[in-house]
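In the numbering used here, the protein residues as written are 804 to 1187.
For glycine and all other residues, C-beta sits at the position ideal for the given N, C-alpha and C.
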Ligand code: RFL
Ligand code: PHB
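Structural data, given as structure tokens:
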């Protein structure tokens, strides 16, 4: 088998890349180790930056997103017994975010790709990439796919990044001493906007998916066992961390899904080796506090599409050669922002009274100074 671009992974990065390449007349095959049902149901991100929405709409896959997505003009920071709104409309006019589940983006992309004859293979076994510096090819389930370029869109635990020879990549990492317990519940959201709550008991986030479905996260210990969190304990803890301002009551309902997500910051440089280009979580991870992971994956894929379009138009490798450098600039801004939001809102060592005071001081600054609030707002909606 032969194609122009062999894409490993049918997450948002791989699927969007395949779709954008198709719009430029470039062929690809997507190889995914999970089933279609599995990738369509995997509950993850929910916040889309303006540029992400624009990319999906311009690519013709934004119809349902525009109909069902929830546009938000701000977020709330809740701490010390009060809520403070960060108003995007006022601070960064014309830029906002849209709440729309990542798995809905994935469903829309799969449907669009299959409708125009796209080749996505689900449940493929033993994917391996070969001959990366010369004439690359992919093997899987006893088959071989030859291609000009391989796009490693296989997430943090994929096979592409580990196939790069030792010594080529420099890795940068931060671990955090906590994880997030994520919960999806059939209940009307208790507020119209997202609430990032810092409390003495740890961080909590109130988010949503639709007028009938809410999404919550709780800071828990790293490596926490899900069995330690029966539904009653989850609701009690969410109440304790969110019902901290007068007049706010948390509505409760049936929990549909729950899971524990580790928190990590990670970057591999460069995002390329020979004919292998990494995009999305395969190259970098951020803790979810800044809502940046999916948006970075989309930005990588936008850049890789332009670079490949240039290459196929006239053989020019200028954009491909600059791909890693250009992406890493944005990646590092998002790394800093995500680390900063995480540091500001979580409980680290409860004995560290000095650290706690620093957090409070910075939260007071962000919620009282237009300059500081604008820093948060422009990073949250996405740097232009
Ligand atoms: P994905 O989505 O991990 O997709 C990779 C795909 O590759 C497949 N794969 C393989 N296929 C073939 N052979 C192999 N050997 C393979 N190994 C892996 C996998 O099955 C999978 O289908 O990576 P991608 O496409 O780069 O997309 C990245 C995003 O998924 C991720 O950054 C976001 O979900 C992060 N994230 C958030 N990002 C945001 O922008 N806003 C948010 O609000 C947000 N919230 C979150 C998040 C991530 C979370 N978790 C669970 C990590 C909230 C959470 C809880
Ligand atoms: C979500 O709705 O899943 C979500 C929202 C904001 C974040 C992370 C996740 O920072």
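Under DSSP, residue 962 forms no beta bridge with any residue. Listed in chain order, the non-local C-beta contacts of residue 1062 below 6 Å within the same chain comprise 985, local neighbours out to five positions each way being set aside. The count of Cβ pairs closer than 8 Å, one atom from the stretch 1109–1116 and one from the stretch 1155–1175, stays below three, leaving the stretches out of contact. The C-beta of residue 1057 has fewer than 16 other C-beta atoms within 10 Å across all chains shown, which makes the residue exposed. Residue pairing by DSSP places residue 805 opposite 949 in a beta bridge. In this structure the stretch 896–904 touches the stretch 863–883; the number of beta carbon pairs closer than 8 Å is three or more.
Take residue 1029, set aside five residues on each side of it, and the residues of its chain with a beta-carbon closer than 8 Å to its own are 984, 1061, 1062, 1063, in chain order.
Under the three-state reduction of DSSP, residue 1087 is assigned to strand. Cβ contact annotation for residue 818 (same chain, cutoff 6 Å, sequence separation greater than five): 912, in chain order. Between residue 811 and residue 957, the C-beta spacing is below 9 Å.
At least one heavy atom of the ligand RFL lies less than 8 Å from the C-beta of residue 1088. The continuous beta strand (DSSP E) containing residue 902 extends over residues 900–902.
In the structure shown, the three-state DSSP call for residue 829 is coil.
Put simply, the backbone Cα of residue 1145 is about 29 Å away from that of residue 871.
Taking C-beta separations shorter than 7 Å and ignoring five residues to either side along the sequence, the partners of residue 1015 in its chain run 989, 991, following chain order. Taking C-alpha positions only, residue 813 is separated from residue 1039 by approximately 37 Å. Taken from the Cβ of residue 850, at least one heavy atom of the ligand PHB lies inside 8 Å.
Secondary structure at residue 1171: coil, using DSSP grouped into helix, strand and coil. Per DSSP, residue 1186 lies in no beta strand (DSSP E) segment and is marked neither H nor E. Contact between the stretch 826–842 and the stretch 918–935 is present: three or more C-beta pairs spanning the two stretches fall below 8 Å. Here the distance from the Cβ of residue 1018 to the nearest heavy atom of the ligand PHB is below 8 Å. Inclusion of residue 1094 in the 8 Å shell around the ligand PHB follows from its C-beta lying nearer than that to a non-hydrogen atom of the ligand.
Look at residue 905: its beta carbon is less than 8 Å from one of the heavy atoms in the ligand RFL. With a 10 Å radius around the Cβ and a threshold of 16 neighbouring Cβ atoms, residue 975 comes out exposed.
Each residue's CA atom was taken as its position, placing residue 952 and residue 809 some 6 Å apart. Taking the Cβ of residue 1011 as the reference point, at least one heavy atom of the ligand PHB falls within a distance shorter than 8 Å. For residue 1021, the shortest separation between its Cβ and any heavy atom of the ligand PHB does not lie below 8 Å. Counting along the chain, residue 930 sits inside no alpha helix (DSSP H), nor does DSSP assign it H or E at all.
Sequence-distant partners of residue 1113 (beyond 5 residues in either direction) whose C-beta falls short of 6 Å from its own C-beta, in its chain, are 1119, 1122. When the five nearest sequence neighbours on each side are left out, the beta carbons in the same chain lying within less than 7 Å of the beta carbon of residue 839 are those of 913, 925, in order along the chain.
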